[in-house]
């Protein structure tokens, strides 16, 4: 910092310079906080999804939110949440982990890239799926915090297994632990 | 910033306002740094675990640290570290990767949520395990940096494989690479 | 903050103290921004790798960049990028996800640790590989942003599968989705 002071106390210029640097700093810090808040929103979205906490899941989106999961399109939050609630019910285990956040904040809007790894296991159908995908999301700042405005991904690959090929495969559901 | 200056130099009010904003900023920045330090602690905990660096692993915890891995309970650090040292020795490959940090700092304490993906391979027993879990941790600020006060998770799923079902499965241990 | 003000307006000392705190703050905030920028560089590097966007991949490195993937050594960017372009072409699906960033910034250089999970699938050879590794990277600040100066990892494990053991295995490539 190059502020200069006169002999008789700080000049108005020095304080104005300091005020301007402080404004810049506040903007930078707010961006870092926004980025972290958006990451936490994404984590809550995926945590409630995999926990089948559909009310919590719904609250991650604004009502007008849209979705596009590689062509599986939703025009609003109600359609998106209803689909998940109906298709990812009990008897179906999911893991959705989003990595590599690249978040850009512009005022009250933001965009996010993510790299998904996901897994679906439906033992009744001897079915297991795993895949990777790149997400491109849009977020909106609301009075209650950041919310998802659009979420969508494009698959990098998707593989499915017939669990009949793995007779020794055993699945235990939430809250079970084999280490004990 | 709305600081106002008098005709004859900056007012005491302007500087006091600036000092108060600077205090707020310092608190915000410190929180971001604490969050990152806690993430790095968790990464060191899992890196030393998967590297079987038990001394480094032990140093991630305060002595009174407790653990609860879905019912596998430890009452202090000694019990937790001893269990890992005895049960995750050579001949057993582990991968523990923690995702989706949701960290909240309150003074010298903090809480953390994480979404684990883990894998255990014991070739001698033709055994492979993979699973997901949500961690709920508590952390303590010490003179040497943040340390784990409690770590625990609840499984979302756990699957085990009999490697006898996969006769073409080949495992190579640390430091081996098939690309070359 | 303990700044003191005289009766007749702020003292030079108070403003100097504030300027010094503001300098410290700016340094702290810049470090957080650098850490995030380096993470985003790593994510771009892996995103362009798995997308086979070789021009974008090349731009993540300085020309003199070196690589050491557990003994698979490259002496400059040209050698590294050429190898990837030739060996990770169409017909080969890759997933490289880097977790657990531990980044240290020192001026215009930085180091980074990461914990990789990766997967390679080559259906034509009934081949699937998965593994873990710890990366140790070095980064350089350039006029165009941070770039990779050195990247290298050491395997924690590597497992290969013969997809002939899994006759029900089905792979679909980029942009395909079975949910619909």
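Chains as they are written, first to last, in this note's numbering: chain A, 9 to 188; chain B, 9 to 188; chain C, 9 to 188.
We treat Cβ as the ideally placed atom computed from N, Cα and C, and that holds for glycine.
Below-7 Å beta-carbon distance, residue i vs any chain A residue
| i | result |
| --- | --- |
| residue 153(B) | no |
| residue 174(C) | yes |
| residue 30(C) | yes |
| residue 33(B) | yes |
| residue 58(C) | yes |
| residue 167(B) | yes |
| residue 123(B) | yes |
Selected residue, minimal CA-CA separation from residue i, among the options
| i | options | result |
| --- | --- | --- |
| residue 112(A) | 152(A), 82(A), 145(A) | 145(A) |
| residue 104(C) | 103(A), 102(A), 107(A) | 107(A) |
| residue 182(C) | 177(A), 173(A), 163(A) | 163(A) |
| residue 46(C) | 173(C), 147(C), 89(C) | 147(C) |
| residue 124(C) | 117(C), 134(C), 118(C), 138(C) | 138(C) |
| residue 100(C) | 118(C), 128(C), 74(C) | 128(C) |
| residue 180(C) | 156(C), 131(C), 26(C), 18(C) | 131(C) |
| residue 143(B) | 152(B), 169(B), 117(B), 109(B) | 109(B) |
| residue 62(B) | 166(B), 25(B), 90(B) | 90(B) |
| residue 67(C) | 76(C), 74(C), 56(C) | 56(C) |
| residue 117(B) | 76(B), 37(B), 43(B) | 43(B) |
| residue 98(B) | 76(B), 50(B), 172(B), 58(B) | 58(B) |
| residue 165(B) | 102(A), 23(A), 150(A), 141(A) | 102(A) |
| residue 71(B) | 156(B), 169(B), 48(B) | 156(B) |
| residue 38(A) | 74(A), 141(A), 78(A), 149(A) | 149(A) |
| residue 170(B) | 151(B), 184(B), 136(B), 152(B) | 136(B) |
| residue 60(A) | 76(A), 96(A), 151(A) | 96(A) |
Closer than 7 Å to chain C by CB, residue i
| i | result |
| --- | --- |
| residue 112(B) | no |
| residue 87(A) | no |
| residue 21(B) | no |
| residue 36(B) | no |
| residue 104(A) | no |
| residue 27(B) | yes |
| residue 43(B) | no |
| residue 66(A) | no |
| residue 55(A) | no |
| residue 51(B) | yes |
| residue 182(B) | yes |
| residue 48(B) | yes |
| residue 171(B) | no |
| residue 12(A) | Residue placement at residue 12(A) is poorly supported in this model, since its pLDDT is 46, which falls under 50; the coordinates are not used for a value here. |
Unbroken beta strand (DSSP E) run spanning residue i, endpoints
| i | result |
| --- | --- |
| residue 131(C) | Premise fails: residue 131(C) is in no beta strand (DSSP E) and is neither H nor E. |
| residue 112(C) | 101–114 |
| residue 76(B) | 69–77 |
| residue 171(A) | Neither: residue 171(A) is in no beta strand (DSSP E) and is coded neither H nor E. |
Neighbour flag for residue i against chain B, beta carbons, 7 Å
| i | result |
| --- | --- |
| residue 142(A) | no |
| residue 126(A) | no |
| residue 96(C) | no |
| residue 156(A) | no |
| residue 179(A) | yes |
| residue 5(C) | For chain C, the structure presents residues 9 to 188; residue 5(C) sits outside this window and is missing. |
| residue 99(A) | no |
| residue 18(C) | yes |
| residue 163(C) | yes |
Alpha-carbon spacing of residue i relative to residue j, whole angstroms
| i | j | result |
| --- | --- | --- |
| residue 86(A) | residue 158(A) | 13 Å |
| residue 9(B) | residue 80(C) | A caution first: residue 9(B) carries a pLDDT of 41, below 50, which makes its placement in the model unreliable, though a value can still be read off. Cα to Cα, residue 9(B) sits roughly 55 Å from residue 80(C). |
| residue 18(B) | residue 18(C) | 7 Å |
| residue 177(B) | residue 167(C) | 7 Å |
| residue 115(B) | residue 26(B) | 24 Å |
| residue 174(A) | residue 69(C) | 43 Å |
| residue 154(C) | residue 84(B) | 43 Å |
| residue 92(C) | residue 126(B) | 28 Å |
| residue 119(B) | residue 160(B) | 11 Å |
| residue 20(A) | residue 23(C) | 11 Å |
| residue 121(B) | residue 41(B) | 17 Å |
| residue 74(C) | residue 52(C) | 18 Å |
| residue 94(B) | residue 141(B) | 23 Å |
| residue 78(A) | residue 133(A) | 23 Å |
| residue 184(B) | residue 49(A) | 38 Å |
| residue 65(A) | residue 82(C) | 46 Å |
| residue 54(C) | residue 152(C) | 19 Å |
Endpoints, alpha helix (DSSP H) assigned at residue i
| i | result |
| --- | --- |
| residue 184(B) | Residue 184(B) -> no alpha helix (DSSP H), and no H or E assigned at all. |
| residue 50(A) | 20–58 |
| residue 65(A) | 62–66 |
| residue 1(C) | The requested residue 1(C) does not occur in the structure, where chain C is confined to residues 9 to 188. |
* Taking three-plus beta-carbon pairs below 8 Å as touching, is the segment 17–35 of chain B in contact with the segment 32–41 of chain A? -> yes
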